[in-house]
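Quick note, the sequences are listed as chains A and B, same order.
Numbering-wise (the numbering used here), the first sequence opens with residue 354 and increments by one.
Numbering-wise (the numbering used here), the second sequence opens with residue 354 and increments by one.
In this text, a Cβ means the ideal position worked out from N, Cα and C, and glycines have one as well.
Down below is the structure, laid out as structure tokens.
There are 2 protein chains.
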Amino acid sequence: MKLQTSKRLALKTLKGFRDFLPEKMAIRQEVIRRLKNVFETYGFEELQTPALEYAEVLKGKYGEDAEKLMYLFKDQGDREVGLRYDLTVPFARVMASYQDLPKPFKRYQIQPAYRAENTQKGRYREFYQCDVDIVGSTSPLSDAEILGVINDALTSLEFPSFKIKVNSRQVLFTIIENAGIEKGLALSVIRSIDKLDKKSKEEVEQELKEKGLSQEKISKIFDPTLARGLDYYTGPIFETQVEEPKIGSVTGGGRYNQLLKTLGGPDLPATGTTIGLDRICDVIEELNLWNLPKTKVQVLVAVLDPKFINESLKVAQTLRERFVTVEVYPDENTKLDKQLKYADQKGVPFVLIIGEDEAKENKVTLKNMETGEQETLTLEGTLNRVKS
Amino acid sequence: MKLQTSKRLALKTLKGFRDFLPEKMAIRQEVIRRLKNVFETYGFEELQTPALEYAEVLKGKYGEDAEKLMYLFKDQGDREVGLRYDLTVPFARVMASYQDLPKPFKRYQIQPAYRAENTQKGRYREFYQCDVDIVGSTSPLSDAEILGVINDALTSLEFPSFKIKVNSRQVLFTIIENAGIEKGLALSVIRSIDKLDKKSKEEVEQELKEKGLSQEKISKIFDPTLARGLDYYTGPIFETQVEEPKIGSVTGGGRYNQLLKTLGGPDLPATGTTIGLDRICDVIEELNLWNLPKTKVQVLVAVLDPKFINESLKVAQTLRERFVTVEVYPDENTKLDKQLKYADQKGVPFVLIIGEDEAKENKVTLKNMETGEQETLTLEGTLNRVKS
């Protein structure tokens, strides 16, 4: 790599893209850690696919409007390529590519997707998707496992009150049929009903009237609270509403027995859910739902006198071996005041100091940054204090 | 989303890109988990930057040859954009964007980078980079922290024998100066010396002769075993050779006090290292260095009689609450033989069965898949057996 002298960097991320600085990352890491843990407790295993796919894998799957949002371009070999638009199409490609994967196949996948969305709506152009799916079983038992995962996931994220809504495409179709509505209109009617969480009952009724339904027919079908407009569900459909804090829908999914085949993959039944990872992380951060410590560092070892750096490094190493998170202040020429301020800014709870007296007695001075108290302790005493 | 009927999916990933199926992911997850743990024990915090940056952030930083490998294109807003080429330039942009980040700033970053490399060399076009850096301190203490991280990282990855080579740009320059070689040639000479791990001593000597050095001068400088050709190091340089198994260099780094400024970022000293994550994962997989279980699932609950599905689901839930990883076979219409074969294929060590007798006695039958033994146990007994 040849070094280039360069003009000042553009200071901004690209429109619709964002940096995750450590404080923001801490929440994301913890959300992902808890979700993965639940998925794995249910026997789901992680899958990752490349950010770039052949454009032909992506195109013709989502409709024309979606295609306008796709990042499509030509690579150096003049191949038509595109950035991942969601996780479902790459997953269908994987199921098509590796036909000998043991079935039922249970995978989860947490990766960013890319859509040139209208950023005015507060949407990001790089956003994480989190999908959990079972492929190869038509049994309601696999739908039940997905519901179990959703329940345990939301519980592990400490949402005090949420409702998992379950409905069934078959039930909806039967209701519509029994109301005497012609079959060809069924999907269109479901799409209108699905707008009930955004529009008023009157508005949706008006929409149905415009679609040609009589008031009598409308009253017969006007109850189901979960319809999910997506055309590809074939059986049960599920959605989770977090009620406290009131943040709305955070998961959506259902059974999609035709989708993999329709996307060009194998003819296998499937059921699963998407979990709104970005939304969950943003809400936990904005509403300050978790009382995460500002930093994982438990002890900052301050360094003062170059003579005692060796002792300081040794103590740091010993504490690390005992699973304490220790940062050594990386500059011995900085005044103690400034080192303490650094610990305070980062939220480190303890500062450890070794000077002449401490070195002589084989002890350390430990300052509690919250109370301001200072104690001279042995290493064992330090361990006890830090861990308590 | 409107459903599109589509032709068969292209079955392949794009040239130079790869899927990570669960078995491959398990190793990557574990490597990343251990590395993150070490970084955080030293007080490094995670940073993530977007996959796409303005092209002007990327261009003019790495030289013309590198720019040919960049994925550059125009987005929907006619902006010139590009995929992340490494983690250093985005990091410099972050340091420039958020000038009030507390210093010293210690971050780690694990994200894919994109280069349209010649795939014949076995290189991937999407590959993970893993960087650990301290910005804002000129003290050797911060270099020492990086060395500590490298040592603990390689130890935690269970490499039985590795050597961290440390050298110093300053020492190299002094040696070259003392040999009577003119200053302008110094970097070029270092680049030649750095080839010693790939070329023979004779070949490198020949190269130096061609650069105009006499045999006498060559013999005076011909010792340093670590030179690192990169032009941007300004002080100590480090590299780790794993000696057992013999897989060569897995980390590289050093002090780069000018680089952030040269890249258009702030004028701050820095030191750090790259860890060759993909290489490490591939080697652990290929040489089968770790004896990771094939799956994290400990128990497969087989389902036979629809009458006892409730009991089976309850037992699964109870075991999960006790931190056992349990998969319920998601189809009650599958013969036991096939369910056992599934457990065997996935490497699940225990299969749990509840039939009429077990349900009556409030017990379960537990089959050890390795020995083939079956026992009828209480729930507590099952827990003990699985955890032992």
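- Using a Cβ distance threshold of 8 Å, glutamine 464 (chain A) and glutamine 401 (chain A) count as a contacting pair.
- For glycine 396 (chain A), same chain residues with a beta-carbon under 7 Å away, outside a window of 5 residues either side, are Lys459 in chain order.
- Using beta-carbon distances, proline 683 (chain B) counts as an interface residue toward chain A, with a partner under 8 Å.
- Look at the region 372-398 of chain A: the residues with a C-beta under 7 Å from a C-beta of chain B are Asp372, Phe373, Leu374, Pro375, Met378, Gln382, Glu393, Thr394, Tyr395, Gly396 and Glu398.
- Using a CB distance cut-off of 8 Å, valine 434 (chain A) counts as an interface residue toward chain B.
- Among the residues facing chain A, serine 545 (chain B) is not included, as its CB has no counterpart in that chain under 8 Å away.
- Distances from the CA of proline 375 (chain B) to each of B:Arg522, B:Gly625 and B:Leu645 were compared; the closest alpha carbon is that of B:Leu645.
- In the structure shown, threonine 615 (chain B) falls within a helical segment according to DSSP collapsed to helix, strand and coil.
- Here valine 656 (chain A) carries a coil assignment [DSSP, helix/strand/coil].
- The beta carbon of leucine 672 (chain B) lies closer than 6 Å to those of Val679 in the same chain, with the five residues before and after it left out.
- The beta carbon of cysteine 483 (chain B) sits closer than 6 Å to those of Ile463, Ile628 and Leu630, all from its chain and outside the five residues before and after it, given in chain order.
- The beta carbon of threonine 615 (chain A) is closer than 8 Å to those of Tyr585 in its chain, skipping five residues each way along the sequence.
- If only complete runs of 4 or more residues are kept, the region 514-560 of chain A shows the alpha helix (DSSP H) at 522-531 and 539-546, in order along the chain.
- No Cβ-Cβ contact shorter than 8 Å links isoleucine 590 (chain A) with alanine 532 (chain A).
- Shown here, alanine 712 (chain B) sits in a helix according to DSSP, grouped into three states.
- Contact check for glutamate 406 (chain B) and leucine 367 (chain A): beta-carbon distance about 6 Å, within the 8 Å limit, so the pair qualifies.
- Shown here, serine 602 (chain A) sits in a strand according to DSSP, grouped into three states.
- For tyrosine 438 (chain B), there are no neighbours in chain A by C-beta distance under 7 Å, as the nearest C-beta there is about 10 Å away.
- For glutamine 429 (chain B), the secondary structure class from DSSP, reduced to helix, strand or coil, is coil.
- By the beta-carbon neighbour count (other beta carbons within 10 angstroms, threshold 16), leucine 640 (chain B) is exposed.
- Taking a contact as a CB-CB distance under 8 Å, the pair tyrosine 415 (chain B) and tyrosine 438 (chain B) counts as one, their CB atoms being some 7 Å apart.
- Nothing from the region 543-576 of chain B brings a Cβ to less than 9 Å from some Cβ of chain A.
- Of the other Cβ atoms in all chains shown, fewer than 16 fall within 10 Å of the Cβ of arginine 476 (chain B); this residue is therefore exposed.
- Here DSSP, grouped into helix, strand and coil, assigns glutamine 727 (chain B) to strand.
- In this model, glycine 734 (chain B) and isoleucine 706 (chain B) are separated by some 14 Å (Cα to Cα).
- Restricting attention to A:Ile385, A:Pro403, A:Ala379 and A:Leu494, the CA atom closest to the CA of aspartate 684 (chain B) is found in A:Leu494.
- Contact annotation: the region 661-671 of chain B does not touch the region 608-624 of chain B, with fewer than three C-beta pairs closer than 8 Å.
- Using a CB distance cut-off of 8 Å, lysine 516 (chain B) does not count as an interface residue toward chain A.
- When secondary structure is reduced to three states using DSSP, glycine 435 (chain B) falls in the strand class.
- Annotation: the continuous alpha helix (DSSP H) that includes tyrosine 695 (chain A) extends over 689-699.
- According to the DSSP assignment, aspartate 418 (chain B) belongs to the alpha helix (DSSP H) that extends over 417-421.
- Nearest CB-CB separation between arginine 460 (chain B) and chain A: below the 8 Å threshold.
- Bounds of the beta strand (DSSP E) holding proline 465 (chain B) are 458-467.
- With contacts defined by Cβ atoms closer than 8 Å, lysine 412 (chain B) and glutamate 399 (chain B) do not form a contacting pair.
- Comparing C-alpha distances from arginine 675 (chain B) to each of A:Thr394, A:Lys377 and A:Thr472 shows the shortest one belongs to A:Thr394.
- According to the DSSP assignment, isoleucine 487 (chain B) belongs to no alpha helix (DSSP H) but to the beta strand (DSSP E) extending over 479-488.
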